[in-house]
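Asks: Residue numbers (UniProt numbering): 1 to 330. Virtual Cβ for every residue (Gly too), placed ideally from N, Cα, C. Predicted model, so just to flag it, every value in this text is computed and none were measured. Shown below is the structure under consideration.
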Ligand code: NDP
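Pasting the structure below:
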């Protein structure tokens with residue numbers, strides 16, 4: 001094991017979050033039961049907020065950033081995990097109240113860990129990351145509710161060229177759904193079709209407040225944008241349809257009426273990845289293993305060194321990142 005390694009630490013400087021690289025040793029890590037040698041981490045929207053300091057994500061600073069990690073167990077005091085196990089951790093407060101994945105080593109609680117399916121490499125696990133696993137939670141939520149089956153009508157994905165959106169499109173298309181992608185980047189139309197979108201719409205068509213009941217278009221939707229966009233999506237959802245809402249890239253408000261819900265039985269399904277119970281996580285990861293086309297995953301992924309995190313954090317908040325970014329922590 002390496003004696004010293006580099007980590008990205010988010011500290012509080014004069015009341016503001018500030019990220020900087022620090023050389024750490026194993027003694028600097030928390031006293032938790034499982035030590036993981038991290039192979040890679042990733043960049044999600046929340047990481048962008050944390051690393052740029054735009055929002056106080058690290059609530060107990062100083063904390064190592066990174067809400068995801070994938071790697072190999074190198075020490076374990078837990079009967080559930082053994083040296084050599086291939087594991088992934090998503091959420092559970094990493095980089096918020098616990099140390100996260102922007103580090104070569106990390107100690108974690110046994111109950112946070114998901115066993116990585118054999119078919120998924122560390123890099124693929126982090127190409128999926130919280131964004132992709134959330135996309136799977138959303139698709140599973142829509143199906144569990146009974147709102148969508150292949151053939152039941154179009155499924156809309158908003159924030160389409162982002163991380164959640166890209167994985168949602170690929171997953172839905174592989175499962176046989178007809179997918180409409182809403183994006184502000186028409187230049188990414190070919191990319192989105194490559195992931196499996198049948199139709200592309202301009203996100204501007206959803207960003208102006210419309211009537212509470214609009215033409216019924218979507219059997220279901222995965223929304224990572226929120227605000228007026230989500231209100232319009234609810235207003236355009238078919239009778240008995242559902243919208244899985246997981247994000248706020250366009251705003252945390254929801255200027256909507258109850259009419260789609262009480263006149264069309266439309267369901268708004270909230271999706272949280274951070275504290276999601278184990279059964280939902282396992283179902284999401286097994287769906288990703290089964291349905292995600294790994295060629296499409298690779299087409300939506302870039303790998304970047306940890307040293308570029310500060311600039312990448314600014315880019316993701318500006319909506320400039322396409323698909324997913326894996327962070328190489330080695
Ligand atoms: P990305 O930045 O990769 O994707 C967000 C996408 O939203 C952008 O690519 C862009 O897509 C679109 N977008 C950005 N700004 C606006 C805007 N002002 N109005 C309309 N659309 C906009 O982020 P992620 O995919 O990682 O995350 C998406 C959202 O989901 C975030 O809000 C994040 O916090 C949330 N999230 C929530 C989770 C949970 O547990 N509930 C877990 C993971 C993510 P395009 O260019 O195609 O229009």
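Within its chain, find whatever has a CB closer than 8 angstroms to the CB of residue 287; leave out the 5 residues flanking it on each side and keep chain order.
Replies: For residue 287, where only same-chain residues beyond five positions count, the Cβ hits under 8 angstroms are 136, 139, 140, 171.
Asks: Determine the closest residue to residue 4 out of 24, 20, 223, with distance taken between C-alpha atoms.
Replies: Selected option, being the one with the closest Cα: 24.
Asks: I'd like to check one pair, residue 322 with residue 131: are the Cβ atoms closer than 9 angstroms?
Replies: No, the pair does not count as a contact, with Cβ atoms beyond the cut-off.
Asks: Just list the beta strand (DSSP E) runs in the region 26–54, keeping only unbroken ones of 3 residues or longer that don't cross its boundaries, in chain order.
Replies: Runs found: 34–43.
Asks: When the Cβ atoms of the region 232–244 are set against those of the region 254–269, are three or more pairs found closer than 8 angstroms?
Replies: Touching, yes.
Asks: Could you give the DSSP three-state label for residue 249: helix, strand or coil?
Replies: Note: residue 249 maps to coil in three-state DSSP.
Asks: Taking all protein chains shown into account, do 16 or more other C-beta atoms lie within 10 angstroms of the C-beta of residue 27, making it buried, or fewer, making it exposed?
Replies: That one is exposed.
Asks: Spatial neighbours of residue 252 within its chain, please: CB distance less than 8 angstroms, with the 5 preceding and 5 following residues excluded, ordered by chain position.
Replies: Excluding positions up to five away in sequence, the list reads 226, 227.
Asks: Should residue 74 be counted as a contact of the ligand NDP given a C-beta to heavy atom distance under 8 angstroms?
Replies: Checking the Cβ of residue 74 against the ligand NDP gives no.
Asks: Just curious, the alpha helix (DSSP H) that residue 99 is in, first and last residue?
Replies: First-last for residue 99: undefined, no H or E at that position.
Asks: Helix, strand or coil for residue 116, going by three-state DSSP, please let me know.
Replies: Coil at residue 116, not helix or strand.
Asks: Would DSSP call residue 135 helix, strand or coil?
Replies: In the structure shown, residue 135 sits in a helix (DSSP, three-state: H, G or I).
Asks: In or out: residue 220 buried (at least 16 other Cβ within 10 Å) or exposed?
Replies: By the 10 Å Cβ count, residue 220 comes out buried.
Asks: Any idea what DSSP makes of residue 178, helix, strand or coil?
Replies: Residue state, collapsed to three classes: coil.
Asks: Helix, strand or coil for residue 63 per DSSP?
Replies: Note: residue 63 maps to strand in three-state DSSP.
Asks: For residue 285, report the span of its beta strand (DSSP E) as first-last.
Replies: No beta strand (DSSP E) contains residue 285, which is instead part of the alpha helix (DSSP H) from 278–291.
Asks: Is the beta carbon of residue 182 less than 9 angstroms from the beta carbon of residue 202?
Replies: For residue 182 and residue 202, yes; Cβs fall inside 9 angstroms.
Asks: Beta-carbon separation of residue 71 and residue 39 under 9 angstroms?
Replies: Cβ atoms of residue 71 and residue 39: closer than 9 angstroms.
Asks: Return yes when at least one heavy atom of the ligand NDP lies under 8 angstroms from the C-beta of residue 20, else no.
Replies: No, the beta carbon of residue 20 sits no closer than 8 angstroms to any heavy atom of the ligand NDP.
Asks: CA-CA distance, residue 49 and residue 12?
Replies: Each residue's alpha carbon lies about 14 angstroms from the other.
Asks: Contact defined as beta carbons within less than 8 angstroms: I believe residue 74 pairs with residue 1. What is the distance between those atoms, to the nearest angstrom?
Replies: Contact holds; Cβ gap of about 7 angstroms.
Asks: Thinking residue 58 and residue 10 are a contact (beta carbons under 8 angstroms), I'd like their distance in whole angstroms, please.
Replies: Correct: roughly 4 angstroms between the Cβ atoms.
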